[in-house]
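Residue numbers (numbering that gives the first Met the number 0): 0 to 407. Backbone N, C-alpha and C fix where the C-beta goes; we use that ideal spot for every residue, glycine too.
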Amino acid sequence: MRFPSWLTWYKKPEYRDIREYADNINTGKRSMSPAGRGCSIPSRLRLDRILENKTCSPMSLYDFYMYLKYIEFSSENLEFYMWYKNYESAYAKGLAMVGEKNYGSMDNVSESSSSDSTLKPQNATPDVEEEDEEEEDPEVAKETLARISQLISVDALCSSKSKCSPAVNSCNLDPTVSTADLLKVAPVGRSELDTVIDLFLLPGSEKELNIPPSLRQQAIADLHVSSHPAALKPVADHIYGLLRNCSHRNFVRLGVGNGTFETICVATMLGIVCTIAGFIVIFSRGFAPYRGAHTRWEVFAAWPLWWLGLSLILSGLRGSCFFLLLFSRRQPLPWERFDDTKSSEPSKWLIIRLLSRLMIFDRKMRVKERHLRRLQQKIVAQSLFGGALFATAGVFLFIFLPMWQETI
Numbered sequence: 000m001r002f003p004s005w006l007t008w009y010k011k012p013e014y015r016d017i018r019e020y021a022d023n024i025n026t027g028k029r030s031m032s033p034a035g036r037g038c039s040i041p042s043r044l045r046l047d048r049i050l051e052n053k054t055c056s057p058m059s060l061y062d063f064y065m066y067l068k069y070i071e072f073s074s075e076n077l078e079f080y081m082w083y084k085n086y087e088s089a090y091a092k093g094l095a096m097v098g099e100k101n102y103g104s105m106d107n108v109s110e111s112s113s114s115d116s117t118l119k120p121q122n123a124t125p126d127v128e129e130e131d132e133e134e135e136d137p138e139v140a141k142e143t144l145a146r147i148s149q150l151i152s153v154d155a156l157c158s159s160k161s162k163c164s165p166a167v168n169s170c171n172l173d174p175t176v177s178t179a180d181l182l183k184v185a186p187v188g189r190s191e192l193d194t195v196i197d198l199f200l201l202p203g204s205e206k207e208l209n210i211p212p213s214l215r216q217q218a219i220a221d222l223h224v225s226s227h228p229a230a231l232k233p234v235a236d237h238i239y240g241l242l243r244n245c246s247h248r249n250f251v252r253l254g255v256g257n258g259t260f261e262t263i264c265v266a267t268m269l270g271i272v273c274t275i276a277g278f279i280v281i282f283s284r285g286f287a288p289y290r291g292a293h294t295r296w297e298v299f300a301a302w303p304l305w306w307l308g309l310s311l312i313l314s315g316l317r318g319s320c321f322f323l324l325l326f327s328r329r330q331p332l333p334w335e336r337f338d339d340t341k342s343s344e345p346s347k348w349l350i351i352r353l354l355s356r357l358m359i360f361d362r363k364m365r366v367k368e369r370h371l372r373r374l375q376q377k378i379v380a381q382s383l384f385g386g387a388l389f390a391t392a393g394v395f396l397f398i399f400l401p402m403w404q405e406t407i
């Protein structure tokens, strides 16, 4: 039996350390987790929609990139994957400048790999100097990084109809370049493939991917005999698995939360205070000035306190501020506090820094992604319902205790 989505209790995804996860896969301690296993991420916020730029802030592709860059420090995974998908599309449309004619086809990859294995050890890395002794062109490397930046810097903004439409991020791109031009698939030459090898695949490179050594060696060997995208597909699939099983779930875990750690702690503490106050009201009316001095119907005075208190606690346990959820508002998320275009120094006083991150002092932003708003509204409804159940159970428990006029 399948329950409606609003009845399914939302549990925020469990945090996974991407480096530990990748290292365990590289060493064979574990295998890649299957898609969707043990994760309660809504389908409208899945990784594929984010990569296709079909989500709005704070769940857009650019937000995902900023999270990887400043929080998880693994932005090279998204950069490589977006470049690969663009190259795959270009090759399929026949826009690659160098194809199978000059560099062989993928049918020859396995044959060349098998023939090389008779001359070289199985785990030996290809000799790059023998293939190409020319130095890397810095202009090509610069253009490659610029192309990757353009692919990721297309931000998703929401119109008045709550629909996402791609728009150019003015901080990183030339405002004179149209969105249609940015989304066009550009041709990729052999020199750019060599640049990608130097950037992402070679050990110790600037943006070295955390992939198994055997996968790295095989990809480099295949790229030296073919420019077909299939040479990089195993690497791209591995990177996609890391994005799906680690980065994306951690990104949603933070993105669903609408308040800072300080705000959530204050709201949760307020919930605890309200819950304790409810018990104080019960015992003060039941035993003061003496036991049996008041009617048992006064136990209902504690119901609003228990209801509000547990609602705040349940929202806080899932990383959200109850009051911000009610109005579909949020504080800036951790990666949104980084701005490469501005140099703002934090205050020297600790108390000022803490107060500035509280809800009443910090700026509030509207949640533009409608599916995220629905999820947050679901959290509000479930928290209110859970608080009502707890308050009602508490009332029925204390109303029959021998501490009222009717029960003594």
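Measuring CA to CA, which of Gln-149, Ile-151 and Asn-244 is closest to Arg-18?
Asn-244
Please work out which residues of its chain come closer than 8 Å, Cβ to Cβ, to Thr-391, disregarding the five sequence neighbours upstream and downstream, and give them in chain order.
Trp-302
Specify the secondary structure class of Arg-328 as computed by DSSP and reduced to three states.
strand
Within the chosen definition, does the segment 137 to 154 reach the segment 56 to 67 through at least 3 CB pairs nearer than 8 Å?
yes
Candidates Ile-398, Ile-238, Ala-235 and Asp-193, of which the one nearest Ser-225 by Cα
Asp-193
If you draw a straight line from the C-alpha of Ala-235 to the C-alpha of Ser-88, how long is it?
14 Å
On a CA-only basis, which of Ser-327, Ala-266 and Ala-300 is nearest Leu-467? Give me that one, please.
In the structure as shown, the chain starts at 0 and stops at 407, and residue 467 therefore has no counterpart that could be examined.
Between the C-alpha atoms of Val-379 and Val-394, what's the straight-line distance to the nearest angstrom?
22 Å
With a Cβ-Cβ cutoff of 8 Å, do Met-402 and Phe-278 count as a contact?
no
Do Tyr-90 and Lys-377 come within 8 Å of each other at the CB atom, strictly closer than that value?
no
Would you call Gln-375 buried or exposed, if buried means 16 or more other Cβ atoms sit within 10 Å of its Cβ?
buried
Same chain, Cβ closer than 6 Å to Ala-300, five either side skipped, listed in chain order
Val-280
Are the beta-carbon atoms of Leu-198 and Ser-190 separated by less than 8 Å?
no
Boundaries (first-last residue) of the alpha helix (DSSP H) holding Ile-378:
369 to 397
Return helix, strand or coil for Arg-248, following the three-state DSSP convention.
helix
Please tell me whether Leu-313 and Gly-258 are closer than 8 Å, where the distance is taken between their beta carbons.
no
Excluding the 5 residues preceding and the 5 following Thr-143 in the sequence, name in chain order all residues of the same chain whose CB lies nearer than 6 Å to its CB.
Glu-191 and Thr-194
Cutting at 7 Å between CB atoms, please list the residues of its own chain near Leu-214, excluding the five before and the five after it.
Pro-233, Val-234 and His-237
Please look up how many angstroms separate the CB atoms of Val-298 and Ser-327, rounded, as I've assumed it's under 8 Å.
Incorrect: roughly 35 Å between the Cβ atoms, too far for contact.
On the CB-based measure, 16 or more other CB atoms within 10 Å of its CB, does Pro-228 come out buried or exposed?
buried
Expressed to the nearest angstrom, what Euclidean distance is found between the alpha-carbon atoms of Glu-368 and Leu-325?
16 Å
Between Ile-24, Cys-55, Asp-22 and Tyr-20, which has its C-alpha nearest Gly-254's C-alpha?
Cys-55
Whose C-alpha, out of Gly-315, Ala-218, Leu-307 and Ile-219, is nearest the C-alpha of Leu-264?
Here residue 264 turns out to be Cys, not Leu, going by the sequence shown. Of Gly-315, Ala-218, Leu-307 and Ile-219, the residue nearest in Cα terms is Gly-315.
Under DSSP, the alpha helix (DSSP H) around Asp-221 begins and ends at which residues?
212 to 222
Provide the residue(s) that pair with Met-81 in DSSP beta bridges, ordered along the chain.
According to DSSP, which records beta bridges pairwise, Met-81 is partnered with nothing at all.
Thr-274 classed as buried or exposed, judged by whether at least 16 other C-beta atoms fall within 10 angstroms
buried
Taking only the alpha-carbon atoms, compute the straight-line gap between Tyr-14 and Arg-248 and give it to the nearest angstrom.
7 Å
Suppose you measure from the CA of Gly-270 to the CA of Leu-388; what does that come to, to the nearest Å?
15 Å
Exposed or buried, what is Asn-23 when buried is set at 16 or more other beta-carbons lying within 10 Å of its beta-carbon?
exposed
According to DSSP, simplified to helix, strand and coil, what is Met-31?
coil
So, with DSSP's three-state summary, where would you put Arg-365?
strand
Identify whether Asp-197 lies in helix, strand or coil by the three-state DSSP scheme.
helix
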